[in-house]
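First the structure, in the form of structure tokens, and then the observations on it.
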Amino acid sequence: PGGALLQPIRTTCPYCGVGCGVLATPDGAGGAKVAGDPSHPANFGRLCSKGSALDETLGLDGRLLHPMRRGADGALRRVAWEEALDAVAAGFQRVVDRHGPDAVAFYLSGQLLTEDYYVANKLMKGFIGSANVDTNSRLCMASTVAGHRRAFGADVVPGCYEDLDLADLIVLVGSNAAWCHPILFQRMLRNKETRGAKLVVIDPRRTATAEAADLFLEIAPGGDQALFCGLLAHLSDAGALDSAFIDAYTKGFDDALIGARRISPTIAATAASAKLPEAAVAQFFDLFMRTPRVVTAFSQGVNQSAQGTDKVNAIVNCHLATGRIGKAGASPFSLTGQPNAMGGREVGGLANQLAAHMGFDAQSVDRVRRFWNAPRMATREGHKAVAMFEAIERGEIKALWIIGTNPAVSLPDADRAREALRRLDHLAVSDNVLSNDTINSGVHILLPAQAWGEKDGTVTNSERRVSRQRPFLPAPGETRADWAIVADVGRRMGFSGFDYAGPADVFREHAALSAFENDGERDFDLGGLADISNAAYDALEPTQWPIRRKESRGRARFFAEGAFYTATKRANFVAPEQPALKTELSAARPLRLNTGRIRDQWHTMTRTGASPRLSRHIAEPFVEINPRDAASFGVEDGGFAIVATDWAECVLRAVVTDRQPQGQIFAPIHWSDETASLGRVGALVAPFVDPYSGQPEAKATPAAISPR
Ligand code: SF4
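Here the sequence shown stands for residues 10 to 717, where the numbers follow the UniProt record's numbering.
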């Protein structure tokens, strides 16, 4: 009290998928000092600009502190929890009774804790009886999930962060890690400085990451698949394959090679497809071929594509063909965007997964049914994010619960998504804030959730490491944990199996399900933690999975000696399809719009927007354009420009820069109607998705630009 510092609490950063450990020392007056946790193996005490500014984001300005319900007069009013929960449960039950379970849906978030995700997924897939549970992670790394499942038979990240310290060549594809995964990028730079590792950056934009590269390949949008097909063909031509690994542990190599040769038979053909200098392609291929320890790390430039799954597999093919997988310093490696995108994958928070990395095969459905004692199991996949909002628009989904995300800003074709929300008979939103674009799109019931610093549970980072998010502030007002709110609604709908005393109870059940009838034949396994005591859960150290029964330690790497999770135990090479962007340019839409993040903001800025320090970096929405394009379209540096696509228009500050290649423009995703009128870039993005992953192509929308 009175501002005296209390003991530091070890917790985890709520932003990106690096999952840095944070020491938060409450000041007793609602704030806290924040520092990196020196003992956390993700960051060893370091924090990036966003993590360092967490202390500026802890206030209660704009917080939703009480349940609210829309009355007959259209106004939202404060109500008691009992009334709000009864109304949510009755609304869902009414729609299920009249229209069946597939008329309801949950839309979740990679910001949720694993415990929150688990309970929501259980309620929908085991008890309501639909698989209409999807998440904003669909916009983030769904193509990686699909690519992993096709290649490995399971969604397993084969490597770990230490590989970035041990690699002699780091290839970054579609990743501005300097801004989006800064602490991992610092590890890469340290490896470069201390061990002489080489850094190759493959990206259409000359980002801060590209500035640090030994070799920067300024690739054409969509060209990465052709590049990695060319690499596979070159590795074969040069006799650089690991034939022993291919023969012993894989299948489908010959077909994949034929497919790759069809797309990129030579260095010259690769260079032409990817619009790269031939010498640069040759240099990259030679570096990859000569360096046994290669990590190819990829992020949204690969995932957010209408051929994202094929791109993931084109990368994985090259690592399988050279046996560079699961070895120290040698692996393909997915950089996940969100703090708990991985945890969401683990509990089955995606509409095409069941739980604990299981799918909708009859054996898995039956196993989960018996484990949950579930009265009404979903037996087939539900709607993925974009399809879910299309089903809402068509009136097929009539009740939706959005938890911890802002789809009216972040979905592609976001105006249409926002309008779809207004068609719902029943829209419940759980969030921390009183107002955002989604809440302002006709919400019927608003449920106040605990925020970072108040929440208690676990998250999993990009290297499969489960870390604790621990509370260090009292929960303000009437805010509650998301898992507890969902469990209460489940009980009100008449279901048993939702009586959890705390997050440790939920975690134990999640861990036990992962180990249920699992003798090591399934990848995801937390069986060693299924009987964890409350005290041990509270003290849980950051730990990589799998942790099988009778084990207390996880495992850093997979697959160096085969043992994949396919039926044959062999990895699948995947023959790629011909690369193609979903949309064509035209005279009316002559530019490609690329979207992404900036260094110091996160998602729709509900937290980072509260920090004056972070706003000093870039304070307003903008569009980057090459000087030649700016001249041809009459756009001036510092002036306002109208960016138009077939889906919407935005007005953005023009930044004329040769970092941006000719023919392409770039705009960040963070601003919304709440924070910058006309700066809601999600509305511009085409809603076309990858056929395997359902992930939208967020980086290549045809656009026009003109001065305002
Ligand atoms: Fe947080 Fe990511 Fe920065 Fe680490 S790198 S401090 S997890 S935002």
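The beta carbon of each residue, even a glycine, is placed where N, CA and C say it ideally should be.
- prompt: Can you name the residues that DSSP bridges to ARG86?
  reply: ARG78
- prompt: For ILE137, which option in ALA383, ILE412 and GLY511 has the closest C-alpha, if you only look at C-alpha atoms?
  reply: ALA383
- prompt: CB of GLY28 to nearest heavy atom of the ligand SF4: below 7 Å?
  reply: yes
query: Under a three-way DSSP split, which group does GLY100 fall into?
result: helix
- prompt: Taking GLY451 as the reference, which of GLU428, ASP440, ASN441 and ALA572 has the closest Cα?
  reply: GLU428
- prompt: According to DSSP, what are the bridge partners of SER476?
  reply: VAL468
- prompt: Excluding the five sequence neighbours on either side, which residues of its own chain have a C-beta within less than 6 Å of the C-beta of LEU63, listed in chain order?
  reply: VAL43
- request: Mind checking which residues open and close the beta strand (DSSP E) that includes TRP410?
  value: 408 to 412
query: Looking at C-alpha atoms only, which residue of ALA96, TRP656 and ALA650 is the closest neighbour of ASP434?
result: ALA96
- prompt: Nearest to TRP461 by CA position, among ALA490, HIS453 and ALA584, is which residue?
  reply: ALA490
- prompt: Taking DSSP as the reference, what is the three-state secondary structure of PRO274?
  reply: coil
message: For a test of your reading of the model: does the CB of ASN52 fall under 7 Å from any non-hydrogen atom of the ligand SF4? Yes or no.
response: yes
- request: Go ahead and label GLU202 buried or exposed: buried means 16 or more other beta carbons lie within 10 angstroms of its beta carbon, across all protein chains shown.
  value: exposed
message: Considering only DSSP beta bridges, list what GLY30 is partnered with.
response: THR21
- prompt: Who are the near neighbours of PHE53 in its chain, counting only those whose CB is closer than 7 Å to its CB and skipping five residues on each side?
  reply: PRO47
field: For ASP319, the nearest candidate out of GLY537, GLU586 and ARG689 (CA to CA)
entry: GLU586
message: Let me check understanding here. Comparing Cα to Cα, which of THR488, PHE101 and ALA330 lies closest to ARG500?
response: PHE101
query: Where do the N-terminal and C-terminal ends of the beta strand (DSSP E) with LEU208 fall, by residue?
result: 207 to 212
message: Considering only heavy atoms of the ligand SF4, does any lie closer than 7 Å to the CB of GLY60?
response: yes
query: Does DSSP classify SER715 as helix, strand or coil?
result: strand
- prompt: For CYS659, does the three-state DSSP call read helix, strand or coil?
  reply: strand
- prompt: Taking 7 Å as the line, does the beta carbon of TYR170 fall inside it for any heavy atom of the ligand SF4?
  reply: no
query: What does ASN581 pair with, by DSSP beta-bridge criteria?
result: LYS260
task: Kindly indicate which three-state DSSP category PRO35 falls into: helix, strand or coil?
output: strand
- prompt: Count the other CB atoms within 10 Å of the CB of ALA84; is the residue buried (16 or more) or exposed (fewer)?
  reply: exposed
- prompt: So what does DSSP say about GLN704, is it helix, strand or coil?
  reply: coil
task: Tell whether a beta-carbon distance below 8 Å holds between LEU15 and GLY37.
output: yes
query: In three-state DSSP terms, what is ASN349?
result: coil
query: Less than 8 Å separating the beta-carbons of CYS149 and GLY346?
result: yes
- prompt: Does the region 246 to 265 come within contact of the region 572 to 587, defined as at least 3 CB pairs closer than 8 Å?
  reply: yes
query: Any idea what DSSP makes of SER343, helix, strand or coil?
result: strand
- prompt: Does the Cβ-Cβ distance between residue 3 and CYS57 come in under 8 Å?
  reply: Because the chain spans 10 through 717 in this model, residue 3 falls outside it and cannot be assessed.
Neighbourhood of ALA279 by C-beta, 7 Å cutoff - its chain only, sequence neighbours within 5 removed: Per the sequence presented here, residue 279 reads as Thr, with Ala not at that position. Excluding positions up to five away in sequence, the list reads ALA235, LEU236, GLY239, SER273 and VAL290.
message: Tell me the DSSP secondary structure of PRO50 in three-state form.
response: coil
Sequence-distant residues of its chain with Cβ nearer than 8 Å to ALA277 (five each side left out): GLU287
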